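So the sequence lines, in the order shown, correspond to chains A and B. When the letters of the first sequence are read in order and numbered with the numbering used here, they come out as residues 2 to 234. When the letters of the second sequence are read in order and numbered with the numbering used here, they come out as residues 28 to 771.
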Amino acid sequence: MAIFANQVNKTYQSGEVTVQALRQASLEVQDKKIITILGPSGSGKSTLLNVIGGIDRYDSGSIKVGGTVLDQLKDRELTDYRRKFVGFIFQQYNLIPTLTVEENVEVGRELSQQPLDMKDTLEKVGMWDKKDKFPSQLSGGEQQRVAIARALIKNPQILLCDEPTGALDEETGKNILKLLKFVNEQYGTTVLIITHNQGIGEMAHSVIRMKSGEIVDSFENENPVDPEKVTWS
Amino acid sequence: MILKKSVYRTLKEKKFQYAGVAVLLLLAVMLYVSLSMAITTLESRNETFSEDYKQESFHFVAGGSVTDEQLSLWEDEYNVTLEKRKYADFEVDDSTVRVFTTTESVNTPYIAEGRAPTSGQELAISKVYAEKHQYQIGDAITLDEREFEITGFVYLPDYIYMVEQMTDLLADAEKFGVAVVSSSSFSVNAQTEILGWTGNGDVPDGFREAVSEETSLLQFVNSEENPRIGFVETEIEGAKGMTTTLPLFILALSIAMVLMLMKRRMEMQRKEIGTLMALGYRKKELVRHYLGYAWVIGLVGTVGGLTAGAGLSVPLSNLYANYFNLPALSMFDWDPFVLVIGFVIPLLLLILLTTFAISRTLRTEPLTLLRPKEVSNGKKSWLEKLPLLQKGGFIRRFRLRLLVRNKARSVYIFIGVMFSTVLLLFGLITFNSMDQLVETTYKEILKYDYAVHYQSLMTEETDEEQSPFIMNELGLVDEDVKITAYGIENDNAFIQLSAQGESLQSNLSEGAIISAPLAAVLGVGEGDEIHLQNSLNSDTMHVEVAAVADLYIGNNLYLPREELNDFLGFPEEAYTGTWQKQPPENSGNVYMVEDKQKAIDNFESTTGATRASVAGMAIFAVLIGVIVLTLLTNLIVEENSPSISLFKVMGYHDKEVSKLVLSVYTPIVLIAYFVSIPLASLSLEQTMNTLVQETGFLMPTDVAWWMVVIGFIVILLTYWLSLGLSKRKLKNVSLQEALKKQQD
Chain A
2 MAIFANQVNK TYQSGEVTVQ ALRQASLEVQ DKKIITILGP SGSGKSTLLN VIGGIDRYDS
62 GSIKVGGTVL DQLKDRELTD YRRKFVGFIF QQYNLIPTLT VEENVEVGRE LSQQPLDMKD
122 TLEKVGMWDK KDKFPSQLSG GEQQRVAIAR ALIKNPQILL CDEPTGALDE ETGKNILKLL
182 KFVNEQYGTT VLIITHNQGI GEMAHSVIRM KSGEIVDSFE NENPVDPEKV TWS
Chain B
28 MILKKSVYRT LKEKKFQYAG VAVLLLLAVM LYVSLSMAIT TLESRNETFS EDYKQESFHF
88 VAGGSVTDEQ LSLWEDEYNV TLEKRKYADF EVDDSTVRVF TTTESVNTPY IAEGRAPTSG
148 QELAISKVYA EKHQYQIGDA ITLDEREFEI TGFVYLPDYI YMVEQMTDLL ADAEKFGVAV
208 VSSSSFSVNA QTEILGWTGN GDVPDGFREA VSEETSLLQF VNSEENPRIG FVETEIEGAK
268 GMTTTLPLFI LALSIAMVLM LMKRRMEMQR KEIGTLMALG YRKKELVRHY LGYAWVIGLV
328 GTVGGLTAGA GLSVPLSNLY ANYFNLPALS MFDWDPFVLV IGFVIPLLLL ILLTTFAISR
388 TLRTEPLTLL RPKEVSNGKK SWLEKLPLLQ KGGFIRRFRL RLLVRNKARS VYIFIGVMFS
448 TVLLLFGLIT FNSMDQLVET TYKEILKYDY AVHYQSLMTE ETDEEQSPFI MNELGLVDED
508 VKITAYGIEN DNAFIQLSAQ GESLQSNLSE GAIISAPLAA VLGVGEGDEI HLQNSLNSDT
568 MHVEVAAVAD LYIGNNLYLP REELNDFLGF PEEAYTGTWQ KQPPENSGNV YMVEDKQKAI
628 DNFESTTGAT RASVAGMAIF AVLIGVIVLT LLTNLIVEEN SPSISLFKVM GYHDKEVSKL
688 VLSVYTPIVL IAYFVSIPLA SLSLEQTMNT LVQETGFLMP TDVAWWMVVI GFIVILLTYW
748 LSLGLSKRKL KNVSLQEALK KQQD
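Rendered as structure tokens:
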């Protein structure tokens with residue numbers, strides 16, 4: 002699913018300070034690609050991801066995801082948009098602690114009219130054997146795999162990943178990246194990864210750099226490397 | 028929805044918290060259902076008994092004899108059924124048995140077990156009296172040296188509340204019972220009363236006047252004024268009020284607790300909610316999910332309450348029936364409406380209010396929920412800026428800050444303690460007021476031992492040992508209130524009208540002295556005017572209230588004897604009774620003797636039951652207090668677990684942490700307790716004032732110092748128990764908690 006953002010602005014209030022989170026941000030993401038948004042803390046990359054994902058609103062500009070223009074959508078329509086098209090992956094996994102692995106994935110499955118197969122999905126993320134474990138019984142990497150399975154089972158058109166490896170060590174982080182690449186290739190899902198880890202850009206089809214709310218650079222990566230080979234920083 | 032599983036697992040994990048509120052709800056529903064069902068059963072039995080066994084509409088005692096022909100004439104003229112009934116009192120085993128002849132048209136006896144007496148040596152006795160004195164059917168009972176065989180157990184429609192004198196407050200089957208014999212076996216010196224039945228309970232217009240024209244009326248009592256008949260209805264009405272008030276309060280408390288728990292749950296799961304919203308869950312789906320908690324609590328509470336209430340209503344109905352001497356004409360009556368209300372209303376209220384509370388939280392944007400909550404904006408509230416909070420060491424300042432930052436929690440603790448205190452003090456005040464009522468009314472004011480009522484108006488000089496009085500029932504102009512007016516001697520030694528220990532006797536020359544219940548019923552006090560009306564000839568008289576005496580029983584009004592006689596048209600020296608220290612020697616002209624000691628014994632024999640009910644109320648108060656306080660202190664530990672963990676990491680001992688976090692609310696508990704004391708007294712006084720018209724008596728509602736001490740100890744123990752339970756939770760807070768929260 003292609004994503005178009007045109008001159009998007011967003012400000013928010015932090016205490017007594019007004020922060021311009023997005024300044025005339027424009028981008029174009031092609032369908033079925035992996036895009037990495039790089040930038041330091043406070044550069045606006047999370048805000049951009051959130052407005053594309055429909056969990057935050059922008060002040061001006063326009064965003065179109067597939068055939069859906071997000072500009073004027075009401076709360077309920079935004080919910081439907083997320084439900085149908087978007088999968089989210091968070092840095093802290095955000096699993097429900099009182100549900101098992103399988104049940105956490107079921108939470109995502111229930112939302113979809115054409116969900117993927119449970120066993121198949123859990124096997125693909127390597128968690129079928131641990132389907133009856135609770136999140137507290139899993140490592141960080143395993144929890145993130147479950148979070149990916151939860152997002153994936155909905156069969157979303159775009160997968161928005163907010164620092165998916167931020168809380169993980171290199172080996173586990175690379176395994177997660179491999180999984181994201183696999184999802185992209187296997188299901189044709191557009192994957193947007195935001196990270197401050199410059200090396201992750203090496204595996205993406207295109208890279209966007211942000212600074213102080215502005216998109217300062219974007220380029221196509223002609224030879225994306227295998228996640229195993231990214232430079233971990 | 029798979030999220031349901033999360034609800035069940037959370038409920039299981041936090042079972043104490045959720046079970047606590049479910050128990051509160053259960054108590055509310057149980058109280059409502061059991062009381063309502065017991066009242067319905069009582070009401071139904073009373074109605075059936077009154078209708079099927081032709082409960083009298085009135086009865087009267089004539090000074091002279093009334094012929095059967097005269098009765099027939101009145102029956103035809105006033106469309107009323109009249110029947111003579113003889114009765115006599117007998118002393119048996121330190122108690123009195125009132126034996127009646129069997130009637131056929133009015134107040135027909137109901138034989139519950141055995142059979143009705145047929146021969147002259149047989150008798151049927153009230154079951155509750157027989158039980159108290161261990162009489163069985165077939166046993167012999169000796170009345171006035173004559174032996175009777177007990178053939179059955181009887182209930183009389185005009186002795187449902189089985190008091191010996193109509194002025195008696197409490198029924199006591201230990202001291203008084205009724206029996207019936209066949210008419211042929213009555214050859215003793217018996218009184219005769221005439222019973223009247225009209226079908227609608229009213230006295231026909233002009234009937235009383237017609238009777239008083241034919242003969243002197245010693246007593247005329249319509250069923251509304253007869254406590255033996257009317258008290259059961261008063262109790263039903265009074266209890267009906269209680270069936271809703273107390274349960275409603277507990278229901279409100281439990282719903283408030285559920286809302287607080289829900290708010291807390293949603294605060295704790297804000298990130299989960301944000302995630303679910305981000306995944307595409309709709310608000311109504313999330314509302315449905317979180318309502319799962321309310322449904323489980325609501326269903327457990329209401330279904331448990333209905334079951335427990337229905338079960339409890341059976342012994343409660345029987346207890347009522349025994350107390351009121353009502354036959355079990357129906358075993359168990361229940362109003363399906365009670366079940367519907369007991370189930371639907373609490374559940375509906377709980378679900379609606381919880382939906383509202385959940386929806387409010389869900390108004391927050393998913394992104395805001397996904398971010399950690401801003402604990403503080405760095406600004407202090409005006410309360411925190413108070414100089415008092417700036418002084419002292421760290422522990423003191425920390426505790427005070429915690430207190431002012433959790434205002435809602437403080438309010439809940441305040442309400443919980445207040446509710447428990449009021450309930451506890453209600454019990455203690457009631458318990459004490461029985462003693463105070465006996466002490467003031469029977470010992471300080473009524474100094475006589477016997478009140479002898481004569482069959483006709485007396486004018487002869489009385490002995491020195493006696494004090495004559497005139498007693499008459501008066502009405503009020505434009506008000507439906509009956510007053511028992513006494514004309515007394517100013518210098519008599521048998522009635523010492525007083526208020527707060529000071530004699531009011533001299534005030535008689537300035538006007539009328541009235542009892543406390545009458546003052547409450549009429550809403551009058553010293554200096555107000557009362558417009559009296561003679562029930563027989565409609566003459567009126569205006570009297571000024573000179574004082575209100577600490578006399579807590581009866582709608583009594585006292586005037587100088589000559590003044591009342593003048594108003595009634597009697598000779599100046601006339602009297603209808605005498606107060607005296609000794610029982611009357613000659614019973615020839617005596618219509619009735621009130622034995623004061625018996626009335627006192629009646630009161631004292633019921634203290635056991637009162638003690639039991641006080642204990643019940645105390646247990647109830649403590650139970651509610653423990654649930655509310657433990658729930659709240661538990662939440663305090665849960666909310667402050669990162670700080671608790673951090674304190675532990677820093678090297679604070681559990682005891683010190685507990686002092687820092689848990690005992691913070693001690694001042695609130697103390698303030699709530701002391702504020703509740705006047706509140707309990709005032710609200711009980713208000714309740715008594717509302718009920719005085721039906722009951723005819725007032726209870727002193729003063730709070731004695733020992734009540735304050737006992738209440739204080741109980742509430743403090745309750746609080747400590749709650750703290751003790753929550754300290755276990757505090758001990759279980761792990762040292763890693765602080766780190767985990769930091770990572771989040």
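Even for Gly, the Cβ is constructed at its ideal location relative to N, Cα and C. Note that the structure is predicted; figures quoted are calculated from it, not measured.
- Looking at the DSSP output, residue 206 of chain B shares a beta bridge with B/126, B/152.
- Counted as a single uninterrupted DSSP element, the stretch harbouring residue 28 of chain A is not any alpha helix (DSSP H) but the beta strand (DSSP E) occupying residues 18-30.
- Residue 426 of chain B sits buried, since 16 or more C-beta atoms from the chains shown fall within 10 Å of its C-beta.
- Taking every protein chain shown into account, the CB of residue 49 of chain A has 16 or more other CB atoms within 10 angstroms, so this residue is buried.
- Note on geometry: alpha-carbon atoms of residue 246 of chain B and residue 449 of chain B lie some 43 Å from one another.
- Among the residues of chain B, none has a CB under 8 Å from the CB of residue 164 of chain A; the nearest is roughly 13 Å distant.
- Taking a contact to require three or more Cβ pairs closer than 8 Å, the segment 279-291 of chain B and the segment 211-228 of chain B do not qualify as touching.
- Following the DSSP letters along the chain, one finds residue 687 of chain B inside the alpha helix (DSSP H) bounded by residues 681-688.
- Listed along chain B, the residues sitting closer than 9 Å to residue 84 of chain A by beta-carbon distance are 306, 307, 308, 309.
- Closest option to residue 62 of chain A, judged by alpha-carbon separation, among A/9, A/86, A/176: A/9.
- Look at the segment 51-122 of chain B and you find these whole runs of alpha helix (DSSP H), each 4 residues long or longer: 95-105.
- Straight-line measurement puts the Cα of residue 749 of chain B at about 47 Å from the Cα of residue 113 of chain A.
- Going by beta carbons, residue 181 of chain B and residue 206 of chain B fall inside the 8 Å limit.
- Distance from the CA of residue 192 of chain B to the CA of residue 621 of chain B, rounded to the nearest whole angstrom, comes to 7 Å.
- Nearest Cα to residue 210 of chain A within the set A/31, A/26, A/145, A/143: A/26.
- Identification of chain A residues near residue 294 of chain B by a Cβ-Cβ cut-off of 7 Å yields none; the smallest Cβ-Cβ distance measures about 15 Å.
- Scanning B/249, B/105, B/124 for the CA closest to the CA of residue 87 of chain B turns up B/249.
- By the rule that beta-carbons nearer than 8 Å mark a contact, residue 89 of chain A touches chain B.
- With fewer than 16 other Cβ atoms from the protein chains shown falling within 10 Å of its own Cβ, residue 39 of chain B counts as exposed.
- Across the set B/342, B/156, B/590, the C-alpha of B/590 shows the shortest separation from the C-alpha of residue 537 of chain B.
- Taking the beta carbon of residue 218 of chain A as reference, no residue of chain B falls within 7 Å; the closest one sits roughly 26 Å away.
- With respect to residue 623 of chain B, residue 475 of chain B sits close: the two C-beta atoms are nearer than 8 Å.
- For residue 726 of chain B, the three-state secondary structure derived from DSSP is coil.
- Shown in chain order are the members of the segment 380-394 of chain B whose Cβ falls below 9 Å from a Cβ of chain A: 392, 393, 394.
- Within chain B, the residues 392, 394 have their CB atoms less than 8 Å from the CB of residue 57 of chain A, given in chain order.
- A Cβ of chain B is located within less than 8 Å of the beta carbon of residue 109 of chain A.
- Taking the beta carbon of residue 99 of chain A as reference, the chain B residues within 8 Å of it are 32, 33, 36, 37, 40, listed in sequence order.
- For the C-beta of residue 400 of chain B, not a single chain A residue is nearer than 9 Å; the gap to the nearest is close to 14 Å.
- Contact check between the segment 316-326 of chain B and the segment 168-184 of chain A: fewer than three CB pairs, one atom from each, fall below 8 Å, which does not count as touching.
- Non-local beta-carbon contacts of residue 327 of chain B in its own chain, meaning distances under 6 Å to residues more than five positions away in sequence, involve 49 in chain order.
- Interface residue (Cβ-Cβ distance to chain B less than 8 Å): residue 104 of chain A is classified as such.
- Three or more Cβ pairs closer than 8 Å define a contact, and the segment 102-110 of chain A falls short of that threshold against the segment 78-87 of chain A.
- Per the C-alpha coordinates, the member of B/154, B/90, B/700, B/64 positioned closest to residue 442 of chain B is B/700.
- For residue 28 of chain B, the chain A residues whose C-beta falls within less than 8 Å of its own C-beta are 111, listed in chain order.
- Judged by beta-carbon spacing, residue 547 of chain B lies within the 8 Å limit of residue 716 of chain B, meaning their Cβ atoms are closer than that value.
- For the segment 31-55 of chain A, the residues whose beta carbon sits under 8 Å from a beta carbon of chain B are, in order, 51, 54.
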